[in-house]
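For reference, the structure discussed in these notes is given below.
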Amino acid sequence: MWDFSIGRSVSIMMRTWPFIVFRMIVYFGITVAYIMATGTGASVGYGVGHISTDPDGPMSFALWGGVVGFGIVSIAVYWIREYILYVLKAGHIAVMVHLIDGHDVPDGQGQIAYAKEVVTQRFAEANILFVVDQLVKGAIRAITGLIGGIAAFVPIPGLSGIVSFINTVIRISLTYVDEIILGYNIRINSNSPFETARQGVVLYAQNGKHMVKNAVWLAVIMWGVSFVIFLLMLAPAAAILWVMPGQLAGWAFVLAIVFAWAFKAAFIEPFAIASLMQVYFETIEGQTPNPEWDRRLAEASSKFRELRDKALGSFGGSRWDTPRAA
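For what it's worth, our numbering labels the leading residue of the sequence shown as 73, then goes sequentially.
If you want it as structure tokens, here you go:
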């Protein structure tokens, strides 16, 4: 089945409890912001709607007010994504990497300061990490096609529709690969983030079938847990919206999704990242990047070509993609 230890992943999460608490504060804080903005927008819209001559004006304006409030928070979350990646996600990954390798890390709030120092040593500025992260995400999209997707596992003719659907599932399961590559960057103490990210993507690709198998199993576990959480969140979401003005009952569904997203980001994501890093680090042990995979990725992905160009243009970049002369 899968090659990661659920118990070990849970243990890593427990030992990094300061970051779990940090995640709860950030993501549930965002959820509260969504609730307040949606409620405030609905209230303002409901009040403005009474000015309208339309008998349905208050209800209609309340609905649109809620939409505007929800949209404003969504824009704010989009703009702080670099900060969340740099301080929260990268810091948590740094601590998890050290725990996976058996190193000691500080306990309590000192863990967050320690992690921030580690990340700063690798990425002097948040925008550098963000650029690396976006290029890796773009490069990863090419891997599914290069390894043949599910057709490589189940080469049965006449099942193109099913194969296409399952390949879509596989692509979705690759959500956390950029975090795994970030963990690899931190693990080898690289001073050239673009070159290390390039190597990490190639190592993932050359072990793609093994990694994707574990990613798919993990995705199934996560989706199952997330769906249960969503169902559990419907009742409190409906209760919150019941006290708001206007016909916002339909928003209970949306708000339940936001609640489930916050829980997933705070608790389930760290579990997934810890699990996949276990598999990745163990799988690539003793391996070197395969120049043939470097070439294939460059041909298939413009983002990987950009990543490789930045790696070659930075200190520490190498041309190991070029075959050696005999």
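We treat Cβ as the ideally placed atom computed from N, Cα and C, and that holds for glycine. In this text, all values refer to a predicted model and were calculated from it rather than measured experimentally.
| Query | Result |
| --- | --- |
| Distance CB(Gly113)-CB(Val140) smaller than 7 Å | yes |
| Integer Cβ distance of Ile92 from Leu171, believed to fall under 8 Å | Not really, about 13 Å apart at Cβ, beyond 8 Å. |
| Sequence-distant residues of its chain with Cβ nearer than 7 Å to Ala429 (five each side left out) | Because the chain here runs from 73 to 398, residue 429 falls outside it and cannot be looked at. |
| Cut-off 7 Å between Cβ atoms - residues of its own chain near Val344, not counting five sequence neighbours on either side | Per the sequence presented here, residue 344 reads as Ala, with Val not at that position. Closer than 7 Å at Cβ, skipping near neighbours: Tyr248, Leu290, Met294. |
| Gly137 and Val116 closer than 7 Å at C-beta | yes |
| Euclidean distance between Cα positions of Ser374 and Arg367 | 12 Å |
| Sequence-distant residues of its chain with Cβ nearer than 8 Å to Arg377 (five each side left out) | Ala370 |
| Which listed residue (Ala211, Ala346, Tyr106) has its alpha carbon closest to that of Val273 | Ala211 |
| Chain-order list of residues whose beta-carbon lies under 6 Å from that of Arg259 (same chain, five-residue window excluded) | Val169 |
| Distance between Ile253 and Gln359 (C-alpha atoms, nearest Å) | 15 Å |
| C-alpha distance - Asn279 paired with Asp179, whole-angstrom precision | 34 Å |
| C-alpha gap between Ala372 and Ala214, whole angstroms | 6 Å |
| Val191 and Gly163 closer than 7 Å at C-beta | yes |
| For Pro342, the nearest candidate out of Lys285, Pro363, Glu251, Lys188 (CA to CA) | Glu251 |
| Inter-residue spacing [alpha-carbon to alpha-carbon] between Gly318 and Leu304 | Note on Gly318: pLDDT 49, under 50, position unreliable in the model; no value is reported. |
| Residue-level contact to chain C via CB, Ile165, 7 Å cutoff | Looking at the structure shown, chain C is missing, and only one protein chain is on hand. |
| Proximal residues to Arg270 (C-beta, below 6 Å), its chain only, five neighbours per side dropped | Leu379, Arg380, Ala383 |
| Between the CA atoms of Ile200 and Met73 - distance to the nearest angstrom | 37 Å |
| Extent of the continuous alpha helix (DSSP H) run through Leu379 | 374-385 |
| C-alpha distance - Thr103 paired with Asp176, whole-angstrom precision | 33 Å |
| Element boundaries [alpha helix (DSSP H), containing Tyr186] | 182-194 |
| Limits of the alpha helix (DSSP H) - the one that Leu171 falls within | 162-172 |
| Cβ neighbour criterion (16 or more within 10 Å) applied to Glu267 | buried |
| Presumed contact (8 Å Cβ cut-off) between Val351 and Asn261, rounded CB distance | Wrong, their Cβ atoms sit about 21 Å apart, outside the cutoff. |
| Coarse secondary structure for Ile200, derived from DSSP in three states | helix |
| Nearest-angstrom beta carbon gap, Ala109 and Val82 [assumed within contact, 8 Å] | Actually they do not touch by this definition, with Cβ atoms about 34 Å apart. |
| DSSP state of Pro363 mapped onto helix, strand, coil | helix |
| Buried or exposed by the 16-neighbour rule on C-beta atoms within 10 Å, applied to Tyr256 | buried |
| Cβ neighbour criterion (16 or more within 10 Å) applied to Trp365 | buried |
| Under the three-state DSSP convention, the category Trp74 falls into | coil |
| Ala277 - containing alpha helix (DSSP H), residue span | 265-278 |
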